[in-house]
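The structure appears below as structure tokens.
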Amino acid sequence: MRKGLLAVALCGVTGSAMAVGDIEILARTCNNCHGVSGVSAGGSMPSIGGLPSAYLSKIMKEWKYDKRDAATMNRIVKGLTDDEINALAVYFSKKRWVPLPQRASAAAMAKGKQVIFENCEDCHGATGSDPDIDAPKINGQAARYMALELEKYRDGAFEMPHRKMNKIVRKLNGGEIDAVSDYYGAQRK
Amino acid sequence: MNAIHRRDFLKVVAAASGASVLSIPNAHAAKPKARVVVVGGGYGGATAAKYMKLLDRGVDVTLIERDRLYTSCPLSNEVISGERDIKTLQVGYKGLARHGVNVVHDEVTAIDPVKKTVATAGGKSFSYDALILSPGVDFNYGAVQGLTKDLSESRLPHAWKAGPQTLLLKKQLEAMPDGGRFLIVVPPGPFRCPPGPYERAAQVALYCKHHGKGKSKVVILDANDSFSKKPLFEQAWKELYGYGEGGMIEWVSGANDGKVERVDPNALTCYTGFGEHKGDVVNIIPPHHAGKVAKDLGLATFKDKWCEVKPENMESVKLKDVYVIGDACVGGELATNNAFPKSAHMAITHAKVVVASLAAKFNGLPPPVPLYTNTCYSVVAHDWGFSVVHLYRVQNGQWVYIKDGSGISPVTFGTREAPKPVPRIFRRLEAEYADGWLRNVLKDAFA
């Protein structure tokens with residue numbers, strides 16, 4: 001019995017899946033704020049695991065090259081090479097998207113559903129789980145994070161390059177923004 | 001494949017022994033791949049223990065920590081002002097146990113680096129192949145004449161380790177009369193949480209402003225001539241609370257006789273070289289150094305205070321197979337004054353560097369190239385925060401501070417000749433990010 005177990009254990013030693021590759025080292029520094037495998041503890045910090053790599057690398061590069069404002073991330077990504085940014089985007093895109101459904105009031109859910117139907121659904125899907133190819137999943141994304149992102153589009157002093165998002169979000173008021181965020185944040189699927 | 005084999009292996013053990021899944025860590029006691037002992041269960045130690053298990057379940061990991069409940073120092077200044085409940089900063093060790101970490105609540109009494117054993121007050125002894133020390137800091141009360149440990153726990157709380165003293169200082173602030181003077185005494189650097197005293201000044205002023213104590217003063221008596229995020233703090237102080245002449249917050253630099261040499265605890269008076277400052281609340285942060293357990297081992301080789309470590313893996317320069325992480329160590333680009341800041345984020349970074357190196361070593365793989373990052377938020381009002389970020393790489397066996405991936409939040413927009421104010425949304429976002437950061441680092445380290 002004991003010998004058999006040792007053989008299995010030794011077989012494990014020679015395996016190649018030890019998580020010590022360079023990209024793992026780099027990705028682990030993202031975990032502090034975005035969680036293991038990119039699953040955030042929520043609040044103002046988004047989950048990033050399972051989002052499309054093209055989306056993740058585009059945003060990081062926009063920050064790096066000052067095409068998109070950020071409060072903190074723009075400074076962080078300026079220290080990374082484009083290759084590192086691409087590798088990080090691929091790494092996190094291969095993780096599973098893990099929705100973290102959050103509670104929302106019935107009023108917010110009703111209002112959110114209506115605003116989403118009129119403004120968001122075409123690109124992001126009714127629940128955020130089936131978006132257009134260049135858009136991120138947002139079902140069960142951190143609601144506070146989403147509300148803050150939408151505030152960025154509404155604030156004229158904050159440079160956000162996505163034309164369509166700018167046009168649509170500027171039509172919404174603060175209550176609608178909160179309701180949309182709560183609704184998508186509450187979705188499991 | 002390794003992970004799958006490992007899981008199958010564990011299933012076999014569990015089935016054969018009839019053991020529950022929860023008791024699987026004991027299976028390693030018979031033949032662990034390696035034994036890692038972690039001393040100190042703050043951000044650094046907790047992360048090291050958790051990630052060691054995440055990277056290789058076949059390693060036996062023991063964490064020795066005195067307390068059963070951890071209270072985060074980051075954002076504890078918000079507890080003093082009443083902006084945050086201390087419970088939001090507290091976490092236990094069950095999350096680590098779920099990862100298979102053997103959590104031992106005990107106090108380390110002796111370390112034998114030759115026999116590679118750690119002895120505890122509870123009479124236990126642990127053998128290690130690698131020892132990770134994350135002891136935080138201990139205070140040198142004697143450096144301020146008249147100050148004692150007892151006084152720090154009663155009349156003159158430092159609240160530089162979050163917990164009972166944080167709540168004590170909050171009570172003293174609440175009892176302070178309008179027009180009272182709140183003194184914050186800052187020790188010579190480097191100290192734990194470089195922007196902490198200045199954030200505290202803002203949080204105290206915030207409390208006074210909104211609780212009918214608007215005539216009060218917050219006086220920072222500083223042994224140093226500059227401080228972390230200085231232009232950002234000064235801008236916020238000025239705009240929110242008044243700074244300098246006639247303002248609520250006053251900063252006395254070391255060059256302006258700000259260094260406190262002596263305190264009279266009964267008169268609540270601090271004495272500098274030439275002056276005296278009477279307070280209603282006196283918050284003295286004593287000078288500190290690497291935690292006792294590391295210092296007693298002779299590892300505090302830097303100015304007899306901090307432990308020097310190797311850039312590639314945080315191993316002590318003095319003792320083989322002993323690693324020192326968190327506030328107790330010193331690292332970074334010292335020559336250019338870009339040393340590692342003593343922050344929670346940095347401690348988590350250190351921990352991940354050590355265990356990646358150990359996982360490679362235990363499995364006969366080449367050592368990974370580490371990367372060190374820091375993010376540190378300061379919150380000066382509920383809708384006003386800012387940050388500093390740091391990036392260090394290791395090149396030619398040395399830490400290199402990467403300026404492009406480092407720096408503070410913008411102080412102004414526009415040009416140098418025609419500066420414009422930074423739009424408030426940037427400050428508001430970073431106040432919100434501070435909270436999101438806290439939730440995530442607590443989870444990353446402890447859950």
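Protein sequences appear in the order of chains A and B. The numbering of the first sequence is our numbering, which starts it at 1 and goes up by one. The numbering of the second sequence is our numbering, which starts it at 1 and goes up by one. Each residue gets a CB set at the ideal place from its N, CA and C atoms; glycine is no exception. It should be emphasised that the depicted structure is a prediction, and the values quoted were computed from it without experimental measurement.
At a beta-carbon threshold of 8 Å, the residues of chain A lying near B:V369 are D22 and I25, ordered along the chain. Excluding residues up to 5 positions away in sequence, T301, E308, V309 and K310 lie with their Cβ nearer than 7 Å to the Cβ of B:V317 in the same chain.
B:E432 sits in a helix when the DSSP states are folded into three classes. Rounded to the nearest whole angstrom, the C-alpha separation of B:I249 and B:D178 is 14 Å. When secondary structure is reduced to three states using DSSP, B:D138 falls in the strand class.
For the stretch 436–447 of chain B, residues whose beta-carbon sits nearer than 7 Å to a beta-carbon of chain A comprise G436, W437, R439, N440, V441, K443 and D444. In this chain, the beta strand (DSSP E) harbouring B:I184 covers R181 to V186. Listed in chain order, the non-local C-beta contacts of A:F158 below 6 Å within the same chain comprise D69 and K152, local neighbours out to five positions each way being set aside. Apart from the 5 residues on each side of it in sequence, B:S152 sits with its Cβ closer than 8 Å to the Cβ of F139, Y141, H158, Q165, I284 and P286 in its chain, given in chain order. Out of B:A202, B:P194, B:N337 and B:D129, the CA that lies nearest to the CA of B:E315 is found in B:D129. If you draw a straight line from the Cα of B:L75 to the Cα of A:A87, it is about 33 Å long. Around B:G189, the same chain offers N224 as residues with beta carbons nearer than 7 Å, after the five sequence neighbours per side are excluded. Of the residues assessed, B:Q172 falls on the buried side of the cut-off, its CB having 16 or more other CB atoms within 10 angstroms. Going by beta carbons, B:V355 and B:E261 fall outside the 9 Å limit.
At a cut-off of 9 Å, the C-beta of B:H345 has a neighbouring C-beta in chain A. Cβ proximity to chain B below 8 Å picks out H34, G35, V36, S40, A41, G42, G43, S44 and M45 from the stretch 34–48 of chain A.
Of the candidates B:G331, B:P423, B:S378 and B:G275, the residue whose Cα lies closest to the Cα of B:G436 is B:S378.
Annotation: B:K295 to B:G279 spans about 34 Å, alpha carbon to alpha carbon.
DSSP places B:D85 in the coil class of the three-state scheme, outside both helix and strand. Shown here, A:R188 sits in coil according to DSSP, grouped into three states, outside any helix or strand. In the DSSP assignment, B:V101 is bridged to no other residue.
Here the stretch 127–136 of chain A does not lie against the stretch 171–178 of chain A, with fewer than 3 beta-carbon pairs under 8 Å apart. Listed by position along chain A, the residues whose Cβ is nearer than 7 Å to that of B:T373 are T29. Taking the C-beta atoms as reference points, B:L55 is found no nearer than 9 Å to B:A447. Contact annotation, B:G405 with B:L391: C-beta distance approximately 3 Å; criterion of less than 8 Å satisfied. Its chain contains S53, L56 and S57 as the residues whose beta carbon lies nearer than 6 Å to that of A:A89, once the 5 sequence neighbours on both sides are disregarded; these appear in chain order.
With a threshold of 9 Å between beta carbons, A:V98 makes no contact with chain B. In this structure, B:K116 lies near B:L131, with their beta-carbon atoms less than 9 Å apart.
With contacts defined as CB atoms closer than 9 Å, A:A126 and A:S181 fail to qualify as a contacting pair. Under the Cβ criterion of 9 Å, A:N166 is not counted among the residues facing chain B. Every alpha helix (DSSP H) stretch that sits fully inside the stretch 139–180 of chain A and reaches 4 residues is listed by chain position as 143–154 and 163–169. Contact between B:G291 and B:G40 holds, with the beta-carbon distance rounding to 7 Å and staying under 8 Å. Runs of the beta strand (DSSP E) lying entirely within the stretch 282–306 of chain B, each at least 3 residues long, are 288–290 in chain order. At least one beta carbon of chain B lies nearer than 9 Å to the beta carbon of A:F158.
By the CB criterion at 9 Å, B:E312 and B:V219 fall outside the cutoff. Within 8 Å of the CB of B:I348, the CB atoms of chain A belong to N32, in sequence order along the chain.
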